[in-house]
Amino acid sequence: MIKRALILIAALAGPAWAHKPSDAHLALAVDGDRITGRLDIAVRDLDAAVGLDADGDGSITWRELQEAAPRIAMYVQDRLAIAGDGDASCPLELGDASLVDLSDGAYWALPVSVRCAAAPHQLAVTYRLLFDIDAQHRGLVHVAGQTLIVRDAQPVHATLGESTSIASFVRYGVWHIWMGLDHILFLVCLILPAVFQRRGKWAAADSLKDVTREVFEIVTAFTLAHSITLVISAVGLVQLPSRFVETAIALSVVAAAVNNLTRSIDARWAVAFALGLLHGFGFSAVLIDLGLPSRELIGALLGFNVGVELGQAAIVLSLLPVLYAIRRTLAYQTLLWAGSGVVAFIAAIWSYQRCFI
Amino acid sequence: MRVFALGAVGLAGALTIASFAAPNRAAAAAKTYVPRDASAVVARVPARDPREVAERAALSASPDRVELAVELAHADIQRARSLQDPRYLGRAQATLGRWWKLAEPPPDVLLLRATIEQSLHDFGAARTDLDHLIALRPDDAQAQLTRAVVATVTADYPAARASCAAIARTTPPVVAAACQAPLDALAGHADEAYRSLAAALAGSRPDPAVRGWALSTLAELAIQRGDEATAADHLNEALELDPDDAYARAALADVMLERGDAPGVSALLAGYEQIDNLLVRRAIAEHRAHGPEAAALAQRMHERIAAAAERGDRVHMREEAMFVLAVDGDARRALALALANWNVQKELADARLLAAAAVAAGDRGAAAPVVEWAARTGVHDARLERIWK
Chain A
1 MIKRALILIA ALAGPAWAHK PSDAHLALAV DGDRITGRLD IAVRDLDAAV
51 GLDADGDGSI TWRELQEAAP RIAMYVQDRL AIAGDGDASC PLELGDASLV
101 DLSDGAYWAL PVSVRCAAAP HQLAVTYRLL FDIDAQHRGL VHVAGQTLIV
151 RDAQPVHATL GESTSIASFV RYGVWHIWMG LDHILFLVCL ILPAVFQRRG
201 KWAAADSLKD VTREVFEIVT AFTLAHSITL VISAVGLVQL PSRFVETAIA
251 LSVVAAAVNN LTRSIDARWA VAFALGLLHG FGFSAVLIDL GLPSRELIGA
301 LLGFNVGVEL GQAAIVLSLL PVLYAIRRTL AYQTLLWAGS GVVAFIAAIW
351 SYQRCFI
Chain B
358 MRVFALGAVG LAGALTIASF AAPNRAAAAA KTYVPRDASA VVARVPARDP
408 REVAERAALS ASPDRVELAV ELAHADIQRA RSLQDPRYLG RAQATLGRWW
458 KLAEPPPDVL LLRATIEQSL HDFGAARTDL DHLIALRPDD AQAQLTRAVV
508 ATVTADYPAA RASCAAIART TPPVVAAACQ APLDALAGHA DEAYRSLAAA
558 LAGSRPDPAV RGWALSTLAE LAIQRGDEAT AADHLNEALE LDPDDAYARA
608 ALADVMLERG DAPGVSALLA GYEQIDNLLV RRAIAEHRAH GPEAAALAQR
658 MHERIAAAAE RGDRVHMREE AMFVLAVDGD ARRALALALA NWNVQKELAD
708 ARLLAAAAVA AGDRGAAAPV VEWAARTGVH DARLERIWK
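Now the structure itself:
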């Protein structure tokens, strides 16, 4: 009796834990009606749940795990359920598991894929693994930038913002370039003169091919530049104050427009590249405001960038034929000179407002 | 076109850097793999104990057999301690699941439930269960010892004294002395407490576990008296008895840090980073000594804090506050943590921590609960007085 007491008192004196309690992670990415993800369960927990250690020697081998895979799958199918809106159940499919080493040992990494009848706005996750074996077990459900802690067999609910899928980030990207007048005006200013080139003196371009190539160069330079800064600032490597970024973007529009009036820099792709670096910082601010899902950061970045490029390509493709068609007319000259002047003026006002107000 | 090549290289570079930076920001998923060798050992678990398997089978056949559940839960609690793995506390709790929520479970269940609650820092629930159990079984030394600890942690010293007195009836004098001495010291009589425990230890030949416990207690009393050198001797002796005594190792690290021997602490704790309260001390030592592992250890500690927070645990507030104060240097946050910790546990170590955080944050008023506590108990502690001066 006393011996037992003393063993306990020593533990009481200072709980010295070399491990953390049992957690399992269910990471889900929602893309429309498809949900994919992975369930990571500690191998040690699986041993308690379904009995992995066939020979009872205390060592669990990969072979023993593979032999137990069907039992593990049944165990998970039995105890994990995902439902969409109105608790409409979404059937669960399990893939071939591999292993992943987390901070406290090896976990069984089980790919999960779910298809709901309709794209859900809310997910209900019923997670009932292991609680009957380990009352301190927690299921951590990572979805839509949130982590839900499951402590018992009760379902947990996640409301899905529009921002959860890569597709929705593509939409945000398109939307942002279309709504963000400063990016469009910058780009338009750069491509306006493309149909009116210098051949010793200024003259209307004679070949659509040359024009297209020049526009392609400008757009590519802009894309590369803003992608670089978007990536490095979205992951937090470089962050600039938003007032500075917004003012600089407005000034970049002034610069592009004034360049059309003064014709001082002919290599507009270089302008596109240099000033495009600023625009990337602006894009990343938008992306961060959207609530960047930390677990799907790269996907969100790619999706958003693809959206920006698509939106930009749509503008350029619809503008270029019109410009080419009217390149010899007074309308074009008016657009080039007066348009650039007006843009320079408006952007100058933006610069003032963004900097001082 | 050359600029495009440069731009493309720049973008590739940015993406590469991003793919390294993103995990820090995102705790991104670790890489999965499939072992090439089917006989590769993936994880280790305690070797199967045939008797336990039989008992578990018997329990699931007749789930009402409380004596089986108690036996199994007790084995898991022992395992939690010997493997330093709190996972087995949750298993013990689950084994007792049928009785866990009962207001009046059988006495053996009460004791185990209190032990688990205590380990989860649910001191209120543990105390209720222990009081209940002691009303039923006043001579249960284990219950009395546990109650003495819980009551001390929650600053209910009369209850702790009553339990130590009850223990004296049924256990050897050295056990009762080790129970009683810290209470005397907290009441301002550290010198007498030290002498009486030292005498009780000298006059007995307890088994190593009791001896180690008494030595650690003696060391704590020596620290209160301002004799860090003697404390170090006692703790070194405790570690010779049992190198796995994490409590003694942590206390020795504190003594060495107090005496400015950060490199020594780093060596003392090398290889023990698995254990939370040793990791935090090694991180502090490397930070102070500007050691080569300072950044890596701090990162590890940050990860551990984040992992605990992710599952909603606040069991490690003391360690977190220590770390935030000493390594992050964020005194305001450390103060908030130390205050929250003080609301849960009120040992001398917690008092020192709160005082140190308040002084560092330039907000001595925030340590009012400790000042009031010290005035009420009459405690004298050399470390606390050094911090406060």
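Chains A and B, in that order, are what the protein sequence lines are.
Sequential numbering from 1 applies to the first sequence in our numbering.
Sequential numbering from 358 applies to the second sequence in our numbering.
From the three backbone atoms N, C-alpha and C, an ideal C-beta is built for every residue, glycine too.
The structure displayed is predicted, hence computed values, not measured ones.
- Contact between A88/A and A117/A holds: CB atoms are separated by about 6 Å, below the 8 Å threshold.
- In this structure, DSSP gives P241/A a state outside helix and strand, which the three-state scheme calls coil.
- Note on F345/A: under 16 other CB atoms within 10 angstroms of its CB, so exposed under the neighbour-count rule.
- Contact between the segment 238-245 of chain A and the segment 330-343 of chain A is absent: fewer than three C-beta pairs spanning the two stretches fall below 8 Å.
- Residues V254 of the same chain have their beta carbon placed closer than 6 Å to that of A348/A, with the five preceding and five following residues left out of the count.
- Secondary structure note for W570/B: its alpha helix (DSSP H) is the uninterrupted segment 565-581.
- Cβ atoms of I662/B and E650/B stay farther apart than 8 Å, at about 18 Å.
- In this structure, the alpha-carbon of T126/A lies about 12 Å from that of I149/A.
- The residue among A576/B, D599/B, A706/B with its C-alpha nearest the C-alpha of T511/B is A706/B.
- For G56/A, the residues of chain B that pass the 7 Å Cβ criterion are A404, R405, in the order they occur in the chain.
- Between the alpha carbons of L130/A and V238/A lies a gap of roughly 43 Å.
- According to DSSP, V141/A shares a beta bridge with L26/A, L148/A.
- Taking the beta carbon of T212/A as reference, no residue of chain B falls within 8 Å; the closest one sits roughly 16 Å away.
- A415/B sits away from R405/B, with the two beta carbons spaced by 8 Å or more.
- Below 8 Å, too few C-beta pairs join the segment 76-91 of chain A and the segment 56-67 of chain A to call them touching: fewer than three.
- In the DSSP assignment, S340/A falls within the alpha helix (DSSP H) that extends over 340-356.
- Secondary structure note for D45/A: its alpha helix (DSSP H) is the uninterrupted segment 43-50.
- Residues of chain B whose Cβ lies closer than 8 Å to the Cβ of V43/A are, in chain order, V399, A400.
- For H644/B, there is no enclosing beta strand (DSSP E); the residue is found in the alpha helix (DSSP H) stretching over 633-646.
- Boundaries of the beta strand (DSSP E) harbouring A158/A: 156-159, taken from the DSSP string.
- For a Cβ distance threshold of 9 Å, nothing in chain A lies close to R408/B: the least Cβ distance comes to about 12 Å.
- Secondary structure at Y629/B: coil, using DSSP grouped into helix, strand and coil.
- Within the segment 409-450 of chain B, the complete alpha helix (DSSP H) segments of 4 residues or longer fall at 423-439, listed in chain order.
- In the displayed model, C116/A falls within coil according to three-state DSSP, outside both helix and strand.
- Per DSSP, A712/B is not a residue of any beta strand (DSSP E); the alpha helix (DSSP H) it occupies stretches across 705-717.
- In this model, S168/A and A714/B are separated by some 46 Å (Cα to Cα).
- Put simply, of P407/B, K746/B, D479/B, R638/B the residue whose alpha carbon is nearest the alpha carbon of Q702/B is D479/B.
- In the assembly as shown, F283/A is a buried residue. Its beta-carbon has 16 or more other beta-carbons within 10 Å.
- Between L160/A and L110/A, the gap from beta carbon to beta carbon reaches 8 Å or more.
- Under DSSP, C90/A forms a beta bridge with I82/A.
- Here the segment 516-535 of chain B does not lie against the segment 713-733 of chain B, with fewer than 3 beta-carbon pairs under 8 Å apart.
- For the pair of segments examined, the segment 594-613 of chain B was found to touch the segment 564-575 of chain B: the number of CB pairs separated by less than 8 Å reaches three.
- For L310/A, the enclosing alpha helix (DSSP H) stretches over residues 297-325.
- A Cβ of chain A is located within less than 8 Å of the beta carbon of G447/B.
- Boundaries for L453/B: no alpha helix (DSSP H) harbours it, and the DSSP string shows neither H nor E there.
- Residue environment: I265/A is assigned as exposed (fewer than 16 neighbouring CB atoms within 10 Å of its CB, all protein chains considered).
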